[in-house]
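Q: In the working numbering, the protein residues as written are 44 to 182.
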């Protein structure tokens, strides 16, 4: 696996890595989405092969799953990117000086996510009512 497109390391000493197809299957995302996220800087794979193929680690997959869970709530790429940066700050013991600000932003994001979920729940209720009404009409 390479950290930079031109640098190489011994694959035997690297953590297990996956190619984009395996990651897409595991996360139920398209190859296009994963490539787009890399292109826009939302989530870059941990490495690349000498041929330039993306290589992902388990940690990358966990990050992808966080982003995937944000998508149905309608967060923008910028909002998802900011959230990922804040989560990385909280996970970094060397960044304790930045923890309070990151935590504050994530608390705001959590409140926003809750409001978005409530809105989706109302929409789902309306969809259920429509399906029930249509079923009655067809019986």
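Ideal Cβ placement from N, Cα and C applies to all residues, glycine included. This one's a predicted model, so the numbers in the text were calculated from it and none came from an experiment.
Just the Cα atoms here: how many angstroms apart are residue 142 and residue 117?
A: In the chain shown, counting from the first residue as 1, residue 142 sits at position 99. In the chain shown, counting from the first residue as 1, residue 117 sits at position 74. Roughly 26 Å between the two C-alpha positions.
Q: Using only alpha-carbon positions, find the residue among 59, 149, 91 and 144 that is nearest to residue 122.
A: Sequence index remark: in the chain shown, residue 122 carries index 79 (1-based). Of 59, 149, 91 and 144, the residue nearest in Cα terms is 149.
Q: Since residue 110 contacts residue 74 with CB under 8 Å, what's their CB separation in whole angstroms?
A: The residue you call residue 110 lines up with position 67 of the chain shown. The residue you call residue 74 lines up with position 31 of the chain shown. So it is not a contact: roughly 15 Å between Cβ atoms.
Q: Out of curiosity, what's the CA-to-CA distance linking residue 134 and residue 159?
A: For this step, residue 134 is matched to residue 91 along the chain shown. For this step, residue 159 is matched to residue 116 along the chain shown. One C-alpha to the other measures close to 26 Å.
Q: Give the range of the alpha helix (DSSP H) segment to which residue 116 is assigned.
A: One-based indexing of the chain shown puts residue 116 at position 73. Element bounds for residue 116: n/a, residue is neither H nor E.
Q: Along the beta strand (DSSP E) that carries residue 98, what are the first and last residues, could you check?
A: For the purposes of this step, residue 98 is taken as the residue at position 55 of the chain shown. Looking at the DSSP string, the run of the beta strand (DSSP E) that includes residue 98 is 97-99.
Q: Check residue 91 in the structure and name its three-state DSSP category.
A: As a first step, residue 91 must be located in the chain shown, where it is residue number 48. Residue state, collapsed to three classes: strand.
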